[in-house]
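Sequence order for the protein chains is A and B. According to the working numbering, the first sequence is numbered sequentially starting from -4. According to the working numbering, the second sequence is numbered sequentially starting from 262. All residues carry an ideal CB built from backbone N, CA and C; glycine is no exception. For clarity, every value in this text was computed on a predicted model and none was experimentally measured. Take a look at the structure set out below.
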Amino acid sequence: MNSFGRPLTRNEDPRLLRGEALFVDDVELPGLLHVAFFRSPHAHAHLVSLDVTAARAREGVVAVVTAADLGDYWQPGPLLVPPPPVPGMVFNQRCQVPLVRDTARHVGEPVAMVIAASRYIAEDAVGDISAEWETLPAVGDLEAALASGTAYVHADLGTNVAAEVHQARGDYDAAARAAHLILKRRFTYDRGASIPMETRGVVAQWDPRADRLTVWDTTQAPVVIRNGLAGMLGLSERQVRVVAPNIGGGFGPKMMMFYPEEVLVPWAAMRLGRPVKWIEDRLEHFFATTHERSQIHDAEIALDASGKILGVKDVFLHDTGAYDPYGLTVPLNSQCTLLGCYVVPAYDSRFTAVFTNRTLVTPYRGAGRQHGVFVMERLLDLAARELGLDRAEIRRRNFIPADAFPFDQGVIYQDFSRLSYDSGDYEPILDKALAAIGYADFIARVQPEARAAGRSLGLGLVCYVEGTGIGPYEGAKVQVQSSGKVSLATGIGSQGQGHATAFAQVVAEQLGVDVRDVEVTTGDTDQFYWGVGTFASRGAVVAGSAAHEAAKVVRQKVLKTAAAHFECAEEDLVLADGKVHVAGVPDHAITLGKLAGLANPMRGAVTPGTEPGLEATSYFGPASGATASGVHAMIIEFDAGTLRPTILDYVVVHDCGTVINPLILAGQIHGGVAQGIGNAFFEQLAWDENGQLLNASLADYLIPTALDVPRMRLEHTVTPSPLNPLGVKGAGEAGAIPVGALFAQAIEDALQLPARGIEILEMPLGPSRLFEITQRG
Amino acid sequence: MKITVRINGANHTRDVEPRLLLSDFLRHDCGLTGTHVGCEHGVCGACTILWDGAPARACLAFAVQAEGHELRTVEGLAPGPGQLNPLQQAFQDSHGLQCGYCTPGILMTMTAFLEENPKPDEAQVREALSGNLCRCTGYQHIVDAVLRAARAAEQRKPNA
């Protein structure tokens, strides 16, 4: 019966496989109206005039809404994440607006909303709208954005600086003076997009008789959307129901709040008294859904002669796009995750977040961690080469020792707590990875033989940590139904992570029921009131722990009710297979469903101190996040003529504490690696000097196919987290984080670039860019 | 204009605009929302259906073009309500889906593929799958699912 820790197949799959599962665009309602947006064609321009009369006159058009029509409802969006409590920090808040009123700040920013009887008519009417623009210079290049004489994304600020944060501990200058070796390089990491297969969408329905608003939204955070919409629309929270049904992939950008469309569609449904639907098309998605990644790091490392790190200094620029509603989560992650698995006695890190005339930047799987890992792992590779050390050995020498946990990193993390690694044991992970990839044999035999045969084989080996499972909290309600099935509701949303199975395993473990008999509801604010959202690899850690706590309380209630029924002591009872019996008398069992009925009597009193039903709600809020870790190793071959890579072997050894479901965990790792490969080799948003995105389609912005992602081999170590009752750590981003650094090292190795004085200091690297780089030297 | 399209063995007669996309016709006129739309330009494969038995992108055809043709969508795969066909079962058994958005299109592509190639190897599966994008799984478990379904079909053969 034990289901916890087993590779169970998923509860949610049959409905998805039959095409029965509800996604937002599947919502059909009587009288449904459809929205299309007129969006800015310019990256930076004053809106001189806007003429929507022809659009309003088109047959089938119900309304055309401009910024002026919104009245007081036109407000910049809320600041989702406030700036961190770092002394001396600068933060200039400029949040996105629902519709452009006077200045467009990125291509695709919405200017007018057309509402019509069909999407086809709405798009026709968008073509009827004419606007006169006075174009302004587009801010794109991060360094030029900070030079004098530049245009300003927000003219009133008089600067393009969105934020400056300096965190330091130890004395880097002293470390540098004592160093045997100092290496300094510039590293760049460019923009990509998350590209969930389902674009965004919102459907809203105002029911005047119930006096309630229902919103179906592709959000990762339905509770936060509910609370925000209630405030904006002058409703109480109980009047708003937000449903995030099945969501076709999230990866972070569906955590952004609030997108303009999310603010406008519910408003329109209330104003018009008719349900309204907007579904983003793929072209819109490229401009209107947030991006991530662009940073430029000037980093240096100081080491002693044995390869021990004495200190790291890093100054970096971070592209935040046209607005910064998500605060500094991404650059803070970069700043903190750079420290990786290593003891870094002195650390001095300063970043400047920069406004640009580009789509907003918010977390996308990895959320800035990639950049930090890239910088640190590259610095270690360079140092190993200078010192004549093996790449595995320099990492091993600098690992935080297993007996040093909890390990205080002395910097403020994205959750605003002091970054402290809860637990970890890094050497066994490295050893497993070296064995699995056949490291020694590759160096001694495979690579020399391949080179002798004219083949370009290289190996990559990198380490990383992943901060996961941050607060503030999540909750869960567990209830035994009269059918004997158990329901679990939580406030987070699901985008494919298998919550309906993993959480069911957590509950089944406590209540002795079949995992198929636990019905999990996520993403419906009418089912669970409180919550934050699915982000930062926190679902299993935070909501999973809440489910565990609630299930434990229900278990106590089950046993108490059964003890009264059998007139015995609770210790004498056995709870298994959905039934309770007295030990040794399995034939006289009572089902959980019947016990639920006994706990909700029709006559007699519910005594003081007890509650009706077999139900409990619990909350879990970790004081700080749990730190997972891992090593990726890869063998890659390059075609010398085309520089097309073929991955011959890919190994992930990972430690995310206690594992709830190894099958689901493997899927999370596989998918992350695939996105990492896209990030390293395919995916780069290309802009021209006017801030126009040049590759806004899936035919031009290539994401990996089944031919590009290799078969991966996974191994695990288990160092439980002491910060939650399950001992789990998050795993959602582990696959994606180290891949850029891994590719860089493997490319250098395969093409023997160091011997030619060429270093890989940038990501992503498509074959053409790689060709350019390899022509140097 | 009035059209009749045969979908999963049943006739659907509707009055449609000539410009109505087949994907919108299936989803919003016929209520067959299992077919998903991911890119609307024929790249991602989420909207793949079977058109007279061959995989086709529903977002690249007009509904009027399907007049008189036999279409099959994901809703037509399972042998009965609440059941899964062997390929669908293999997807569950192999954890071949996460968010499930691309899954219907992949099931339709692989249904036609396995009919033509009942005993594929991994390279053939990956080649056939490469016209369908999945952003969640990294494809490995999808490949496993298709190979599992092929093996299961082989074992079901009377003389196997």
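Asked: Three or more C-beta pairs closer than 8 Å, one from the segment 582 to 599 of chain A and one from the segment 706 to 721 of chain A: is that the case here?; Found: no
Asked: State yes or no: is the beta carbon of tyrosine 115 (chain A) nearer than 8 Å to at least one beta carbon in chain B?; Found: yes
Asked: By a C-beta neighbour count over all protein chains shown, 10 Å radius and 16 as the cutoff for buried, is lysine 574 (chain A) buried or exposed?; Found: buried
Asked: Taking the alpha carbon of aspartate 299 (chain A) as the reference point, which residue from A:Gly383, A:Val260, A:Leu333 has its own alpha carbon closest?; Found: A:Gly383
Asked: Leaving out five residues on either side along the sequence, give the residues of the same chain with a beta carbon under 6 Å from the beta carbon of isoleucine 805 (chain A).; Found: Outside the displayed range of chain A (-4 to 772) lies residue 805 (chain A), so it cannot be described from this structure.
Asked: Verify the CB distance criterion: does phenylalanine 18 (chain A) have a CB-CB separation below 8 Å to chain B?; Found: yes
Asked: Expressed to the nearest angstrom, what Euclidean distance is found between the alpha-carbon atoms of glycine 433 (chain A) and proline 733 (chain A)?; Found: 20 Å
Asked: Does the CB of aspartate 519 (chain A) have a neighbour CB from chain B at under 8 Å?; Found: no
Asked: Kindly provide the ranges of any alpha helix (DSSP H) runs that are 4 or more residues long and lie completely inside the segment 157 to 181 of chain A, ordered along the chain.; Found: 167 to 173
Asked: For glutamate 23 (chain A), name the three-state secondary structure that DSSP assigns.; Found: coil
Asked: If you draw a straight line from the C-alpha of threonine 154 (chain A) to the C-alpha of tyrosine 147 (chain A), how long is it?; Found: 6 Å
Asked: Comparing the C-beta of threonine 398 (chain B) with each C-beta of chain A, is any distance below 8 Å?; Found: yes
Asked: Identify which residue in A:Leu375, A:Phe311, A:His366, A:Pro326 has its Cα closest to the Cα of valine 338 (chain A).; Found: A:Leu375
Asked: Going by DSSP, which residues form a beta bridge with glycine 273 (chain B)?; Found: Note that residue 273 (chain B) is histidine in the sequence shown here, rather than glycine. Looking at the DSSP assignment, histidine 273 (chain B) forms a beta bridge with B:Val266.
Asked: Please check if any C-beta of chain B sits within less than 8 Å of the C-beta of threonine 213 (chain A).; Found: no
Asked: According to DSSP, which residues form a beta bridge with cysteine 458 (chain A)?; Found: A:Val626
Asked: Strictly below 7 Å CB to CB, what residues from chain A border glycine 305 (chain B)?; Found: It should be noted that the sequence gives cysteine, not glycine, for residue 305 (chain B). Under the 7 Å cutoff, chain A gives Met192, Leu693.
Asked: Taking its Cβ as the centre, do 16 or more other Cβ atoms sit within 10 Å of glutamate 287 (chain A), making it buried, or is it exposed?; Found: buried
Asked: Assess contact between the segment 364 to 381 of chain B and the segment 493 to 510 of chain A, defined as three or more Cβ pairs (one per stretch) separated by less than 8 Å. Is contact present?; Found: no
Asked: May I have the straight-line CA-CA distance separating glycine 419 (chain A) from valine 537 (chain A), to the nearest angstrom?; Found: 19 Å
Asked: Can you pull the chain B neighbours of threonine 284 (chain A), defined as C-beta to C-beta under 7 Å?; Found: In chain order: nothing, as chain B lies at least about 13 Å away.
Asked: Can the beta-carbon of histidine 41 (chain A) be found less than 8 Å from the beta-carbon of tryptophan 128 (chain A)?; Found: yes
Asked: Interface residues of chain A around threonine 364 (chain B) at Cβ under 8 Å?; Found: Leu11, Leu12
Asked: Which of helix, strand or coil does DSSP assign to methionine 265 (chain A)?; Found: helix
Asked: Is there a Cβ from chain B that is less than 8 Å from the Cβ of glutamate 710 (chain A)?; Found: no
Asked: Can you list the residues of chain A that phenylalanine 323 (chain B) reaches, using a CB-CB cut of under 9 Å?; Found: Simply none; closest approach about 12 Å.
Asked: What residues match up with lysine 272 (chain A) in a beta bridge as DSSP calls it?; Found: A:His29, A:Val198
Asked: If the criterion is Cβ atoms closer than 8 Å, does the pair valine 121 (chain A) and alanine 58 (chain A) meet it?; Found: no
Asked: Name, please, each residue of chain A whose Cβ falls closer than 7 Å to the Cβ of alanine 339 (chain B).; Found: Arg13
Asked: Whose C-beta lies closer than 7 Å to the C-beta of aspartate 644 (chain A) among residues of the same chain, with five residues either side of it excluded?; Found: Ile432, Met629, Ile630
Asked: Run the CB neighbour count on alanine 173 (chain A), radius 10 Å, all protein chains shown included, and call it buried at 16 or more, exposed below.; Found: exposed
Asked: Output the distance between the C-alpha atoms of glycine 620 (chain A) and phenylalanine 18 (chain A), rounded to the nearest integer angstrom.; Found: 31 Å
Asked: Could you check whether leucine 334 (chain A) and valine 342 (chain A) sit closer than 8 Å to each other, using their CB atoms as the reference points?; Found: Per the sequence presented here, residue 342 (chain A) reads as tyrosine, with valine not at that position. Their beta carbons are under 8 Å apart, which means tyrosine 342 (chain A) touches leucine 334 (chain A) by this criterion.
Asked: In terms of alpha-carbon separation, which member of A:Val47, A:Val577, A:His161 lies closest to aspartate 119 (chain A)?; Found: A:Val47
Asked: Would you check if there are 3 or more beta carbon pairs closer than 8 Å linking the segment 83 to 96 of chain A to the segment 367 to 374 of chain A?; Found: no
Asked: Under three-state DSSP, which class holds threonine 324 (chain A)?; Found: helix
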